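A.B. asks: Sequential numbering of the sequence shown, starting at 6, is according to our numbering.
Supplied in structure tokens, the structure appears directly below.
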Amino acid sequence: MKKPYLKSIEYIRGVSMLGVVAIHVGSQYLMNPTPNINLVALFEIVSRFSVPIFFFISAFGLFYKIDLNAPFDYGNFLRRRFKAVLIPYLIWSIFYIVHDNFFYDSGIPAPGWAAEILFFGLAKYQLYFLVILIWFYLLMPLWIKILKNLTPELFVMILIAQIIFNYFSSYSVALFQFTQSLPPDSILKMFLQWRLNYLVLHYVFIFLLGGIFAIHSAQFFRRLKFGKKFVTATFFVTLILHSGYFYYLIFAKNYSPLDAVNTAHQLSPTGFFYTIAASIFLFMLFENYRFRGIAQDILSLTGKNSYFVYLFHPLAIMYLNLLLAKLNLVMTAPTALIFYVATVSISLGVGIFWKKFLG
6 MKKPYLKSIE YIRGVSMLGV VAIHVGSQYL MNPTPNINLV ALFEIVSRFS VPIFFFISAF
66 GLFYKIDLNA PFDYGNFLRR RFKAVLIPYL IWSIFYIVHD NFFYDSGIPA PGWAAEILFF
126 GLAKYQLYFL VILIWFYLLM PLWIKILKNL TPELFVMILI AQIIFNYFSS YSVALFQFTQ
186 SLPPDSILKM FLQWRLNYLV LHYVFIFLLG GIFAIHSAQF FRRLKFGKKF VTATFFVTLI
246 LHSGYFYYLI FAKNYSPLDA VNTAHQLSPT GFFYTIAASI FLFMLFENYR FRGIAQDILS
306 LTGKNSYFVY LFHPLAIMYL NLLLAKLNLV MTAPTALIFY VATVSISLGV GIFWKKFLG
């Protein structure tokens with residue numbers, strides 16, 4: 006029996022896309038030597054669930070449609086997924102390589118460097134997400150096997166292992182020193198240096214969690230309906246803890262805003278639990294409350310065009326920065342907010358035009 010289409014996944018994609026753009030606009034705003042700390046927190050901390058939640062809803066969408074008891078057609082699965090992800094990834098990577106060569110006169114990369122760029126998603130700063138997603142697709146039989154045999158004990162073990170692994174990968178001084186000590190041309194150094202760009206181990210738990218909720222979607226949605234207050238409270242508690250960690254680094258540890266952002270990221274313990282709570286909260290919000298009128302239109306518009314905006318928005322950021330420089334404008338807080346709205350609007354506008362006339 007075919008399951009009903011879930012508008013909530015479309016809406017979550019839209020919200021997540023807005024968060025991804027906020028993170029990248031926040032990176033531009035951090036170039037201001039005296040940024041507004043609260044605006045930095047909004048751009049860079051509140052929106053930190055945006056990248057890992059994409060893995061959550063990707064897994065949800067996959068396992069929502071899969072019958073675990075039926076034979077899995079791996080070849081057909083890869084053909085469909087690669088058409089949707091791998092081909093756009095390669096096209097946009099090549100586009101950004103050519104574009105940036107023309108823009109910065111950096112030269113076309115040699116074959117070895119080009120292979121590294123494509124393997125690790127280095128053509129533009131947002132593309133690494135697709136590399137990780139492709140690895141999740143390639144390992145799909147493994148995820149199916151795990152979810153078929155998942156016990157509560159194994160689930161807890163994966164949770165604990167995820168927290169430990171993310172902490173070690175993010176904060177281990179020994180790992181950093183070892184990576185730096187390797188020769189510049191070392192293959193091991195390359196894989197360690199770019200580990201965040203391809204290693205699915207950083208996001209296994211959130212991916213499997215999406216799969217678990219999809220497999221048991223009826224029970225999941227029923228519990229969301231009766232547990233709205235608990236889900237909402239948990240979301241705000243984790244948001245306060247994650248934001249509090251950022252402010253603690255700023256005011257108690259005297260971190261610079263940039264260092265605080267790079268420490269209180271989505272793989273930090275507070276960021277990890279905030280992502281889980283945000284994922285469940287957004288599902289609860291969009292499954293239990295009906296949005297109408299302009300709110301529904303905006304959610305639907307951003308959701309349907311989220312993929313294009315994700316691929317395109319660095320171009321909008323680049324050319325808006327050129328405009329700021331030409332007008333001799335500093336990225337103040339009001340300018341940063343206008344810059345964000347302009348980035349989203351331009352990217353959405355181009356996306357709508359592309360889909361209507363060129364798609």
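Every residue gets a Cβ at the ideal spot worked out from N, C-alpha and C, and that includes glycine.
Since the model is a prediction, treat every value here as computed from it, not as a measurement.
With a threshold of 7 Å on Cβ separation, who are the neighbours of T268 within its own chain once the five nearest residues in sequence on each side are excluded?
C.D. replies: L254, Y260
A.B. asks: So what's H104 in DSSP terms, helix, strand or just coil?
C.D. replies: helix
A.B. asks: Counting beta carbon pairs with one atom in the stretch 233 to 253 and one in the stretch 162 to 181, are three or more of them shorter than 8 Å?
C.D. replies: no
A.B. asks: For T239, which residues from the same chain have a beta carbon less than 6 Å from its beta carbon, with the 5 sequence-adjacent residues on both sides left out?
C.D. replies: A282
A.B. asks: Taking the CB atoms as reference points, tell me whether K150 and K70 lie closer together than 8 Å.
C.D. replies: no
A.B. asks: Taking Cβ positions, are L353 and T307 nearer each other than 8 Å?
C.D. replies: yes
A.B. asks: For the candidate residues L272, L329, V236, S305, whose alpha-carbon lies nearest to that of L290?
C.D. replies: From the listed residues L272, L329, V236, S305, the smallest Cα separation to L290 is found for V236.
A.B. asks: Do the CB positions of F68 and A300 come within less than 8 Å of each other?
C.D. replies: It is not a contact, given that the beta carbons lie outside the stated cut-off.
A.B. asks: Of all the options K233, V349, E121, which has the alpha carbon lying nearest to the alpha carbon of F286?
C.D. replies: K233
A.B. asks: First and last residue of the alpha helix (DSSP H) that includes D302?
C.D. replies: 298 to 309
A.B. asks: Return yes when the Cβ of H104 is within less than 8 Å of the Cβ of H318, no when it is not.
C.D. replies: no
A.B. asks: So, using beta-carbon positions, are Q33 and Y315 closer together than 8 Å?
C.D. replies: no
A.B. asks: Give me, in chain order, the residues of the same chain whose beta-carbon lies closer than 8 Å to that of F77; leave out the 5 immediate sequence neighbours on both sides.
C.D. replies: I71, M145, P146, I149
A.B. asks: If we ignore side chains and look at the alpha-carbon of each, how far apart do L35 and I245 end up?
C.D. replies: 22 Å
A.B. asks: Could you pull out every residue in the same chain whose Cβ sits closer than 6 Å to the Cβ of R53, ignoring the five residues on either side in sequence?
C.D. replies: Q271, G276
A.B. asks: Which one of T39, S311, F65, L334 has the shortest CA to CA distance from H221?
C.D. replies: Across the set T39, S311, F65, L334, the C-alpha of F65 shows the shortest separation from the C-alpha of H221.
A.B. asks: Leaving out five residues on either side along the sequence, give the residues of the same chain with a beta carbon under 8 Å from the beta carbon of S305.
C.D. replies: K12, E15, Y16, G19
A.B. asks: With burial defined as no fewer than 16 other Cβ atoms inside 10 Å of the residue's Cβ, what is the status of E158: buried or exposed?
C.D. replies: exposed
A.B. asks: To the nearest angstrom, report how far apart L83 and K360 are at their CA atoms.
C.D. replies: One C-alpha to the other measures close to 24 Å.
A.B. asks: The alpha helix (DSSP H) that contains L246, what's its start and end?
C.D. replies: 233 to 256
A.B. asks: Going by beta carbon distance, what residues of the same chain come within less than 8 Å of L123, once the five residues before and after it are set aside?
C.D. replies: L95, S98
A.B. asks: Going along the chain, which unbroken runs of the alpha helix (DSSP H) with 4 or more residues stay wholly within the stretch 99 to 178?
C.D. replies: As far as the stretch 99 to 178 is concerned, its whole alpha helix (DSSP H) runs of at least 4 residues are 116 to 125, 133 to 143, 145 to 153, 157 to 176.
A.B. asks: Go to T268, then tell me how far its alpha helix (DSSP H) extends in each direction, as first and last residue.
C.D. replies: Run containing T268: 262 to 268, per the alpha helix (DSSP H) assignment.
A.B. asks: Buried or exposed: F125, going by 16 or more other Cβ atoms within 10 Å of its Cβ?
C.D. replies: buried
A.B. asks: I believe H207 touches S174 by the beta-carbon criterion, under 8 Å. Please report the beta-carbon distance rounded to the nearest angstrom.
C.D. replies: Contact flag correct, Cβ pair sits at about 7 Å.
A.B. asks: Can you tell me the Cα-Cα spacing of I303 and Y101, whole angstroms?
C.D. replies: 29 Å
A.B. asks: Express the C-alpha separation of A27 and V335 in angstroms, rounding to a whole number.
C.D. replies: Cα-Cα distance, rounded: 18 Å.
A.B. asks: Less than 8 Å between the beta carbons of L325 and T348, yes or no?
C.D. replies: yes
A.B. asks: Please report the distance separating the alpha-carbon of F87 from that of F141.
C.D. replies: 12 Å
A.B. asks: Tell me the rounded alpha-carbon separation between G356 and P116.
C.D. replies: 32 Å
A.B. asks: From Q167 to S21, what does the alpha carbon distance come to, in whole angstroms?
C.D. replies: 22 Å
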